[in-house]
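Note sheet for the following structure.
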Amino acid sequence: MPLMKLACSAFSVYTGRCNGQVGCVIGIHTWLEEIRWIILIEIKEWDWQPVKKKDSIEKTVTCPYCNVRVRAISNTRIFDVATGAIKYHIHKCPECFMPIIIGLDGKIIPQSQFLPFDEVRYLPPTIERLYNECRKCHLNECYHSVIMVSRSLLMHIAVDKGDSAGKSFAAYIDYLEANGYIGVQNKAWVDKIRTIGNKYVHQLDEATEEDARKVILFLKQLLGNLYEMPQLAI
């Protein structure tokens, strides 16, 4: 199926905004830019077809367009024309009505541009930038980078809280612990970051999504305790 014809058909089904006029074409081009999977359909000779109600699949996902957690039902699937093998299911967001493409491996296309994990308010600029860098790395599945940036973030926190620049990571952690910025209940987490970081620096090993997720959750809690909660008490 020609690319533009396929795009026009899909755009019409999922947005209800395609009427074949100039505005429709502009909308389609914007849509094509946002969801590059259509190009894959053309190159790989894939096509799409409606799914019978009894074969529809319901998924609870966070929409990559509106960032709302929704229960989306698929009524279309993408398949290989040559083999008939199903490649993707297309779900319609009930909030913004945009198509959410989910692969058989569970990955969502397009990737959300909303940062994962909650933001923390009242952070100094450098610390805020590093925390957001951790979140961006996780979004892009750069889990090794999450671990490395988290170590740098802890060092910047120590300097922001009064320690001098140019020390080792271990020395900064000792400072944070000695001055009460890292409580006894959080020491295990800091030790974990130290251990994980050393592992990925000195060994040929890959950081896991679970390690990266836990590290960011700890950092979010620590930053909240050190910067956000004191401001909320004022």
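Residue numbers (our numbering): 4 to 237.
Virtual Cβ for every residue (Gly too), placed ideally from N, Cα, C.
Alpha carbon of residue i to alpha carbon of residue j, nearest angstrom
{"i": "C96", "j": "D108", "result": "19 Å"}
{"i": "G87", "j": "I81", "result": "9 Å"}
{"i": "L220", "j": "S77", "result": "32 Å"}
{"i": "T79", "j": "H92", "result": "6 Å"}
{"i": "V71", "j": "K223", "result": "21 Å"}
{"i": "I60", "j": "D50", "result": "19 Å"}
{"i": "T18", "j": "E144", "result": "Note on T18: pLDDT 48, under 50, position unreliable in the model; the coordinate value appears next. So the two alpha carbons sit approximately 30 Å from each other."}
{"i": "I185", "j": "G106", "result": "42 Å"}
{"i": "V28", "j": "C137", "result": "Note that V28 has pLDDT 41, beneath the 50 cutoff, so the model's placement of it is unreliable and the number below is only indicative. Cα-Cα distance, rounded: 38 Å."}
{"i": "L179", "j": "A161", "result": "6 Å"}
{"i": "G200", "j": "D214", "result": "10 Å"}
{"i": "G165", "j": "P233", "result": "17 Å"}
{"i": "V54", "j": "I89", "result": "11 Å"}
{"i": "A236", "j": "Y230", "result": "11 Å"}
{"i": "K190", "j": "K110", "result": "35 Å"}
{"i": "G183", "j": "M158", "result": "15 Å"}
{"i": "A174", "j": "A181", "result": "10 Å"}
{"i": "L225", "j": "F100", "result": "38 Å"}
{"i": "E209", "j": "C66", "result": "29 Å"}
{"i": "K170", "j": "Y146", "result": "25 Å"}
{"i": "N228", "j": "S167", "result": "22 Å"}
{"i": "V25", "j": "E48", "result": "Caution applies to V25, whose pLDDT of 37 falls short of 50 and renders its modelled position unreliable; the value that the coordinates give is listed next. Taking the straight line from one Cα to the other gives about 27 Å."}
Three-state secondary structure assigned by DSSP to residue i
{"i": "Y198", "result": "Contrary to the premise, residue 198 reads as Thr rather than Tyr in this sequence. Residue state, collapsed to three classes: helix."}
{"i": "T48", "result": "Thr is not the amino acid found at residue 48; the sequence shown has Glu there. In the structure shown, E48 sits in coil (DSSP, three-state: anything other than H, G, I, E or B)."}
{"i": "R124", "result": "coil"}
{"i": "N228", "result": "helix"}
{"i": "I89", "result": "strand"}
{"i": "A75", "result": "strand"}
{"i": "K55", "result": "coil"}
{"i": "I60", "result": "coil"}
{"i": "T65", "result": "strand"}
{"i": "I31", "result": "Residue placement at I31 cannot be trusted, given a pLDDT of 42 that sits under 50; what the coordinates show is reported in the next sentence. Reduced to three states, the DSSP call for I31 is helix."}
{"i": "A251", "result": "Outside the shown range of the chain (4 to 237) lies residue 251, about which nothing can therefore be said."}
{"i": "L118", "result": "coil"}
{"i": "F221", "result": "helix"}
{"i": "A210", "result": "coil"}
{"i": "E131", "result": "helix"}
{"i": "E98", "result": "coil"}
Residues that residue i bridges to, as DSSP identifies them
{"i": "R80", "result": "Q52 and H92"}
{"i": "G106", "result": "Y91"}
{"i": "I111", "result": "I105"}
Interface flag, residue i vs chain D, CB-CB below 8 Å
{"i": "W49", "result": "No chain D is part of this structure, which consists of one protein chain only."}
| Are the stretch 184-195 and the stretch 124-136 in contact at 8 Å, needing three or more beta carbon pairs? | Verdict: no, contact absent.
| Taking one C-beta from the stretch 147-160 and one from the stretch 128-139 each time, how about it: are there three or more such pairs within less than 8 Å? | By the Cβ test, the stretch 147-160 is in contact with the stretch 128-139, since at least three Cβ pairs between them sit closer than 8 Å.
| request: Starting from the N-terminal side, write out each stretch of the alpha helix (DSSP H) that is 4 residues or longer and does not extend beyond the stretch 138-189. | output: With a minimum length of 4 residues, the unbroken runs of alpha helix (DSSP H) contained wholly in the stretch 138-189 fall at 146-163 and 172-181.
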